[in-house]
Structure formats: C-alpha cells, structure tokens
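J.:
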C-alpha cells in the first residue's frame, strides 16, 4: 500500500474576507474530490483571508498510480482560475 500526501499553498487574490476565501476553497475541494476521488482538507492559514494550505491524500497499491493522481491534482489546481499555486510539499509513504 502506498500513501501519497501533498500540501498545496494557494493565493486567493480575489478574496477580501474569510467568507470570500471559504467560498473559493469549498468549491475547489468539492471539484477535487469529485474529479479525483481523493481526501482534501484545509490544514493551514485558516485566519488569513487571501492564502490557504490544502492537503490532499490518496492511497493505492501502486506508486505509479499515486504519482499520477497527485500530478493530475497539481495540474488541475494550477489551471484553476480562482487560486494561484504558490508551493507544493509532497510525501510518499
């Protein structure tokens, strides 16, 4: 069993309040879980209205599958119009 974990640091430039941020993050989380069947959670920068840290976790018996899913998730977030990807921290267990 292989577990892949990634923490994405995002900038949300059009957010001017925590409510704006929450709207963007909840939409992104919903799209990610529906498209990739992964676990997603906001894990940091909770009180910062224009930044967020999202953790994504996937499990598979095959490392290639984990790498593929996490790569596709990163590409999806890079192309997502409401947030800018600032940093990626990935771990494979």
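In the numbering used here, the protein residues as written are 25 to 117. Note that the Cβ used here is the ideal one computed from N, Cα and C, for glycine as well.
1) Roughly how many angstroms separate the alpha carbons of residue 76 and residue 60, rounded to a whole number?
2) Using 9 Å as the threshold, is the C-beta distance between residue 35 and residue 108 below it?
3) Ignore the nearest five residues each way along the sequence and tell me which others in residue 68's own chain have a CB closer than 7 Å to its CB.
4) How many angstroms separate the CA atom of residue 47 from the CA atom of residue 106?
5) Tell me whether residue 105 sits in a helix, a strand or coil according to DSSP, three-state version.
T.: Result, derived from the coordinates:
1) 20 Å
2) yes
3) 77
4) 10 Å
5) Correct three-state label for residue 105: coil.
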